[in-house]
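Residue numbers (our numbering): 114 to 935. Don't be surprised by glycine CBs; every beta carbon is placed ideally from N, CA and C.
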């Protein structure tokens with residue numbers, strides 16, 4: 114069909130209900146049109162569609178819904194075609210709908226009631242929600258249902274504006290508009306089309322402030338055109354002021370200006386123009402959102418809180434009296450969580466914990482608030498008030514028990530609160546030490562050490578106080594922890610050497626004094642003492658001097674699939690494959706290591722759960738015989754950072770605990786006579802030494818490459834220590850860096866690939882330097898190469914030739930390793 118705009122109003126029949134026509138203008142809307150027509154078809158009597166040149170199935174789809182389709186070539190003017198669609202309608206009332214919109218089915222029945230309106234009431238405003246990227250939406254009241262034949266029409270090239278005659282009122286009918294949240298290609302095409310049309314409109318009407326405002330709004334949606342958006346907005350404001358436009362016209366001019374200034378982070382100007390907008394329209398809520406952000410980045414905490422309160426006051430007013438905001442789009446009504454987030458932080462920075470808790474409670478109560486709550490809590494974890502963070506987490510956990518991300522963060526906050534308390538004890542202890550109040554100093558340093566585990570100053574300060582009090586045994590323990598936390602304190606090494614000489618421990622004194630002289634080589638008296646001790650000590654062969662028969666690497670998270678992909682040369686001439694752990698949960702560290710060590714199921718060895726600072730385990734906790742103690746019946750075995758070695762087990766040979774050992778102490782080294790050699794090598798049991806560090810480990814690794822470097826340095830130090838420890842027949846070394854990387858980064862992250870390379874380098878360096886007769890590489894589980902999800906099979910690589918690479922039960926792998934040393 115073809116036609117032109119006309120008035121075709123059907124005569125009303127006596128007693129008949131008023132009819133409704135829906136008027137649409139479309140072009141190439143085959144993807145969106147079915148949803149729109151499906152939503153409106155049950156509620157209207159006539160569907161009118163003006164097509165402006167579709168080349169897809171749009172016309173076919175419209176016809177399938179019974180639409181009357183009229184064809185008009187595109188005239189580069191939205192209002193023209195909108196008015197054409199109105200002209201074909203024969204219903205008593207006309208509903209305006211776009212192809213990318215949807216009529217709410219819950220409120221659609223209200224339209225029939227609206228059509229019984231008295232004469233003179235010619236238009237109803239619908240609640241229009243614009244769906245925008247990121248899951249948000251904007252809101253405005255918009256005229257959509259109007260009486261036919263009373264002169265209602267549209268004007269404007271792009272943002273066609275309705276012209277209403279007679280009275281209008283609000284309704285509760287809802288529409289959702291999806292046109293601002295389409296795929297990138299479609300959005301870019303719409304963006305370019307809109308830009309071209311608006312620039313043409315300004316060429317024809319250079320003094321049309323609305324055209325400049327609409328252009329500014331389009332430009333502000335791209336960061337690279339925000340500067341131009343600022344200029345266009347300022348032009349629109351100037352023209353509106355010159356033309357004495359009403360206050361309700363200014364929001365459309367100021368909003369793109371404020372949005373562009375926000376994107377450009379020009380905070381002073383944001384504040385200036387937000388207040389200028391409020392002078393023009395005092396009840397407009399949107400400027401208060403920009404003021405919240407601007408004051409936050411300017412760190413004006415009192416102003417943030419004031420702007421937050423005013424934002425919600427204006428939003429309440431907008432909801433209670435929407436007719437005062439006709440055609441003024443409320444683009445921030447869904448930004449409540451953002452404002453509450455920044456408002457809470459501002460109250461916290463002001464030191465008003467009660468106010469922060471109150472505002473945070475409102476954020477938790479908001480159904481859309483969970484993402485902002487998560488960001489807020491993580492931000493507060495880096496701040497100076499961890500106790501407030503604990504209170505906020507408790508509040509959220511009580512109100513939203515299904516937010517499972519809160520539970521892991523609570524102990525982090527509690528640990529940080531404890532650390533803050535520890536720093537307070539440390540300050541008091543330092544003051545007492547300076548004033549020579551040694552008892553007070555020792556007591557407060559001890560209290561601080563319970564909260565700030567890895568602070569060298571705390572442990573060494575306590576040692577100073579204890580030495581002054583003559584409590585030498587306790588002082589020695591504190592010196593060991595302090596030097597494990599930070600080895601760069603020569604006086605502490607000298608003090609340990611003197612304590613050891615006083616007890617007649619020649620080997621320990623020699624090790625400590627040698628370490629001291631590495632830092633203070635000019636101390637001639639100490640060098641003479643070292644020479645004397647050298648004559649008195651009894652040397653024992655080291656691992657470096659006497660190669661082990663078997664060298665075993667226990668690599669957490671090593672997966673066969675990833676090994677094959679990135680290092681096939683590593684497997685040449687060696688038997689390798691997947692170690693099968695039937696019926697063992699991939700997440701169950703304890704069960705999988707224990708099964709690997711025993712070849713038996715969890716029901717037989719009795720261990721399960723996750724290794725951690727609050728759940729350390731030793732071989733003695735296993736109910737089944739393990740491979741290491743079985744070997745130690747006839748061979749000397751050295752366990753270095755092997756899982757299930759906390760505390761260090763007493764075996765034929767030696768053991769040094771790894772994760773989750775913490776700072777060095779006698780319980781982590783067996784026999785304890787080896788502790789000086791372990792300490793002097795710079796050994797740390799793992800990347801983390803406290804529960805707080807354990808909880809924050811993955812965030813530390815992802816946020817700072819320095820921590821990643823320290824992780825690998827700790828692993829390399831294990832080789833340095835292994836070479837210096839007494840010779841054994843079987844040497845076992847635990848390697849954790851790969852699993853930390855897998856838990857912190859996705860499988861496709863280059864840092865996981867780098868972690869694999871670090872593991873290969875450690876293994877190959879050890880094999881070349883220590884020259885074992887046989888070796889084995891074992892892993893308790895793998896990780897999916899595309900994610901951080903553990904897989905169900907471990908990995909083995911053994912140095913015997915022959916055999917078929919592939920799958921093998923853990924028991925078979927254990928048996929083969931035992932055979933190698935028989």
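{"Item": "At a cut-off of 6 Å, is residue 533 close to the ligand HEM when judged by its beta-carbon and the heavy atoms of the ligand?", "Value": "Looking at this structure, you won't find the ligand HEM or any other ligand, since it has none at all."}
{"Item": "Suppose contacts are defined by Cβ-Cβ distances below 7 Å. Is residue 403 in contact with residue 375 by that definition?", "Value": "yes"}
{"Item": "Starting from residue 285 and walking both ways along the beta strand (DSSP E), at which residues does that stretch end?", "Value": "280 to 290"}
{"Item": "Taking the alpha carbon of residue 837 as the reference point, which residue from 293, 791 and 210 has its own alpha carbon closest?", "Value": "791"}
{"Item": "In three-state DSSP terms, what is residue 516?", "Value": "coil"}
{"Item": "With burial defined as no fewer than 16 other Cβ atoms inside 10 Å of the residue's Cβ, what is the status of residue 336: buried or exposed?", "Value": "exposed"}
{"Item": "Near residue 735, which residues of its chain fall below 8 Å by C-beta distance, leaving aside the five closest residues on each side in sequence?", "Value": "707, 710, 711, 718, 719, 720 and 757"}
{"Item": "In terms of alpha-carbon separation, which member of 187, 855, 580 and 276 lies closest to residue 551?", "Value": "580"}
{"Item": "Suppose contacts are defined by Cβ-Cβ distances below 7 Å. Is residue 462 in contact with residue 427 by that definition?", "Value": "no"}
{"Item": "Whole angstroms are fine: how far does the CA of residue 876 sit from the CA of residue 883?", "Value": "10 Å"}
{"Item": "Terminal residues of the continuous alpha helix (DSSP H) containing residue 174?", "Value": "171 to 177"}
{"Item": "Let me check one thing: in DSSP terms, what residues is residue 823 bridge-paired to?", "Value": "In DSSP, residue 823 forms no bridge with anything."}
{"Item": "Quick check on DSSP: helix, strand or coil for residue 142?", "Value": "coil"}
{"Item": "Looking at the secondary structure, which residues open and close the beta strand (DSSP E) in which residue 207 lies?", "Value": "206 to 209"}
{"Item": "Are the stretch 625 to 640 and the stretch 819 to 828 in contact at 8 Å, needing three or more beta carbon pairs?", "Value": "no"}
{"Item": "Count the other CB atoms within 10 Å of the CB of residue 775; is the residue buried (16 or more) or exposed (fewer)?", "Value": "buried"}
{"Item": "I need the straight-line Cα distance from residue 609 to residue 754, nearest angstrom please.", "Value": "24 Å"}
{"Item": "Mind checking residue 129: buried by the 16 CB within 10 Å criterion, or exposed?", "Value": "exposed"}
{"Item": "With three or more beta-carbon pairs closer than 8 Å as the criterion, would you say the stretch 838 to 851 touches the stretch 759 to 770?", "Value": "yes"}
{"Item": "How many whole angstroms separate the CB atoms of residue 805 and residue 528, which I take to be in contact at a CB cut-off of 8 Å?", "Value": "3 Å"}
{"Item": "Skipping 5 residues on each side, what residues in its chain have a beta carbon closer than 7 Å to that of residue 642?", "Value": "626"}
{"Item": "Does the stretch 540 to 559 come into contact with the stretch 510 to 530, if we say contact requires no fewer than three beta-carbon pairs (one atom in each stretch) closer than 8 Å?", "Value": "no"}
{"Item": "Would residue 190 and residue 167 be called neighbours here (beta carbons separated by less than 7 Å)?", "Value": "no"}
{"Item": "By DSSP's criteria, residue 216 is part of a beta bridge. Which residues make up the other side?", "Value": "288"}
{"Item": "Mind reading off the beta-carbon distance from residue 572 to residue 595? Whole number of angstroms is fine, and I expect it under 8 Å.", "Value": "3 Å"}
{"Item": "Identify, in the order they occur along the chain, each residue of the same chain with its Cβ nearer than 8 Å to the Cβ of residue 501, setting aside the five sequence neighbours on each side.", "Value": "461, 466, 469, 470 and 493"}
{"Item": "If the criterion is Cβ atoms closer than 7 Å, does the pair residue 503 and residue 530 meet it?", "Value": "yes"}
{"Item": "So for residue 237, helix, strand or coil by DSSP?", "Value": "strand"}
{"Item": "Under DSSP, the beta strand (DSSP E) around residue 164 begins and ends at which residues?", "Value": "159 to 164"}
{"Item": "Just to confirm, is the Cβ distance from residue 479 to residue 450 under 7 Å?", "Value": "yes"}
{"Item": "Taking buried to mean at least 16 other C-beta atoms within 10 Å of its own C-beta, is residue 349 buried or exposed?", "Value": "buried"}
{"Item": "Flag this pair as touching only if the stretch 209 to 226 and the stretch 284 to 291 have three or more C-beta atom pairs under 8 Å; answer yes or no.", "Value": "yes"}
{"Item": "Please report the residue range of the alpha helix (DSSP H) in which residue 689 lies.", "Value": "Segment 688 to 693 is the beta strand (DSSP E) holding residue 689; no alpha helix (DSSP H) there."}
{"Item": "Looking only at C-alpha atoms, which of 929, 857 and 922 sits nearest to residue 901?", "Value": "857"}
{"Item": "Opposite residue 316 in the DSSP bridges: which residues?", "Value": "Residue 316 is not bridged to any residue."}
{"Item": "Along the chain, where does the beta strand (DSSP E) containing residue 184 start, and where does it finish?", "Value": "181 to 184"}
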